[in-house]
């Protein structure tokens, strides 16, 4: 085991990132050390790179960033009971307290004491990362290669938002084709939606939407009036509007289109996060249309992870089209510039760490399936 490693760090309170040689993380008593084989870049990482108001108020440099990854366990702490050296894993990036009301009632994703990898503690854009055993998620290498396994966490957000509705036989519109919106298109198709429409302002992302299964796409960047997307949704669905709208952008114009373009008695999920306050006419947009409106955040820990596994391992959703590029740690600045430009899907980072991918030895007995938080294959 080396003493030092390469990592992508936010070194100071300013835009940009640096590649540094830093000590390999120590392993706490209940933690595991993972050799990172693949990581993926998220919008959160872009905020930290830009050093916007959110990042300036939340991030405390120096910090290794990144929270989406897959890799192999290379060391475990003395109190670790189930994870073994050689296990091929990912991790839930939200480390929760386990003791609050939310954690004890099935809403751990809303824990007020949450600490996030790559935000509140050192993250995964490095050759090694240390994480608590409690957040480790076992992967099957034969079914999920590292570049797909690293996408499980953001894919889980789309699973949570999309499967909040029964979509079988429904018309569905996805407004905003960032990664989560794109994932939602594939999930909606796999869930039996008879028609999936996608709208965005970027032609490249609309091409990805079609690759993920969108039946029709609409570029809203050329709209001269404020009702372009809504009119398209209504006209495309026999003049009534769509059954379900998944709003994934957070933009005021897109939120307006969601409420105008959904049919009376339809359903709207708000998942995109607005950059600033938005205005909604509750009476006209919701009450008089008799809508069901959901505002969702994150994913259920770990309920959503199981659904994610089943969708990906069964190959009913293929995420390969969304991977636009793979880079090394030294190319992270290029990755951020590409992501900021918008003409890209997901970017995979390969730290190039050499890890032993020999499967872990067989366990003497399978883990108890009744234990809360069970993370292993049944």
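In our numbering, the protein residues as written are 228 to 605.
Backbone N, C-alpha and C fix where the C-beta goes; we use that ideal spot for every residue, glycine too.
Here the structure is a predicted model, which is why all the values come from computation and not from measurement.
Annotation for residue 559: the continuous alpha helix (DSSP H) segment containing it runs 559-568. Counting C-beta pairs with one atom in each stretch, the region 250-257 and the region 551-570 have fewer than three that are closer than 8 Å, which means they do not touch. The C-alpha of residue 576 is placed about 16 Å away from the C-alpha of residue 247.
As the crow flies, the alpha-carbon of residue 369 is around 24 Å from that of residue 572. Residues of the same chain with a CB within less than 6 Å of the CB of residue 505, apart from the 5 flanking positions on each side, are 479, 482 in chain order. Proximity to residue 388 across 498, 373, 258, 268 peaks at 498, based on C-alpha coordinates.
Ranking 529, 395, 410 by CA distance to the CA of residue 323 puts 529 first. Segment contact: the region 389-404 against the region 466-478, three or more CB-CB distances shorter than 8 Å; contact assigned.
The three-state reading of DSSP puts residue 232 in strand, counting E and B together.
A Cβ-Cβ separation of about 7 Å places residue 271 in contact with residue 346 under the 8 Å criterion.
Taking the Cα positions, residue 279 is about 10 Å away from residue 286. Within the region 308-377, the complete alpha helix (DSSP H) segments of 4 residues or longer fall at 328-331, 373-376, listed in chain order.
Rounded to whole angstroms, the Cβ separation of residue 456 and residue 449 is 11 Å, and the two are not in contact under 8 Å. Residue 237 holds the alpha-carbon nearest to the alpha-carbon of residue 275 among 237, 319, 422. Taking C-alpha positions only, residue 513 is separated from residue 342 by approximately 35 Å. Contact fails between the region 255-270 and the region 323-341, because fewer than three Cβ pairs, one in each stretch, are under 8 Å apart. Counting only runs of at least 3 residues, the region 433-458 fully encloses the following beta strand (DSSP E) elements, listed from N- to C-terminal order: 443-446. With respect to the 8 Å criterion, residue 543 and residue 417 are classified as neighbours on the basis of their beta carbons. Distance check between residue 288 and each of 541, 435, 539, 245 places 245 closest, using alpha-carbon atoms only. The closest CA to that of residue 425, considering only 391, 473, 380, is found on 473. If you draw a 10 Å sphere on the C-beta of residue 375, you find 16 or more other C-beta atoms in it, and that means buried. In the DSSP annotation of this structure, the continuous segment of the alpha helix (DSSP H) that includes residue 411 starts and ends at 406-417. Secondary structure at residue 492: strand, using DSSP grouped into helix, strand and coil. Nearest in C-alpha terms to residue 454, of all of 228, 412, 489, is 489. Annotation for residue 268: no beta strand (DSSP E) segment contains it, and DSSP assigns it neither H nor E. Looking at the backbone, the Cα of residue 317 and that of residue 565 are separated by about 25 Å.
In the three-state scheme derived from DSSP, where H, G and I count as helix and E and B as strand, residue 253 is classed as coil.
When secondary structure is reduced to three states using DSSP, residue 575 falls in the strand class. Counting along the chain, the unbroken beta strand (DSSP E) around residue 426 starts and ends at 422-427. In the structure shown, residue 509 adopts helical secondary structure according to DSSP, grouped into three states.
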